[in-house]
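Sequential numbering from 0 applies to the sequence shown in numbering that gives the first Met the number 0. Have a look at the structure below, then the notes.
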Amino acid sequence: MTNSPASQPLYRLAALGALLLAAGIALGAFGAHGLKDIATERYTGVFETGAQYQVYTALGIMVLSMFGKTLEKPILLILAGMWVFSVSLYFIGLNELLAASLKKLGAITPIGGLLMIAGWCWAGMKLLRLSKS
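Below, the structure is given as structure tokens:
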């Protein structure tokens, strides 16, 4: 990488990735231990899936942010997808505790997944272009 402004690491996005990673680990621990005795295994699993994808995404964001502004927009798309995907799963996982029918949020979960997939594909294509230049 060169020292052009476009190749300078995106430290704020890397920091956000680190914070999301810490939160994902904490939420995963809560799902595995805190929900164990108060929610069914099904809902605990849904909650833990949200945490797993948050952790995976946070790690990826930290890596991608080192490539600079070139990947800023794909990173933001990935973050938006993670937010929709993981947060909807957190609420579904807490469905029994909140005494509300939050299962309908499951309808938006795949949208978050598609946004993440699109963002990762976009980042991959941009990285391929960088490798050719």
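Built from N, CA and C at the ideal position, the CB exists for glycine as well. None of the values given here were measured: they were computed from a predicted structure.
- Cβ atoms of Y42 and G92 come within 8 Å of each other, at about 5 Å.
- Here I77 has T56, G59, I60, L63, L114, M115, G118, W119 and A122 as same chain residues with Cβ atoms under 8 Å from its own Cβ, once five neighbours each way along the sequence are excluded.
- Pairing W82 with F29, the inter-Cα distance amounts to about 18 Å.
- Contact annotation: L26 and A50 have beta-carbon atoms nearer than 8 Å.
- By the C-beta density criterion, T48 is buried, having at least 16 other C-beta atoms within 10 angstroms.
- The beta-carbon distance between I74 and L12, rounded to whole angstroms, is 6 Å. This is short enough to meet the 8 Å contact definition.
- Under the DSSP assignment, I77 falls in the alpha helix (DSSP H) whose first and last residues are E71 to G92.
- No residue range can be given for L104, since it is assigned to no alpha helix (DSSP H) and is classified by DSSP as neither H nor E.
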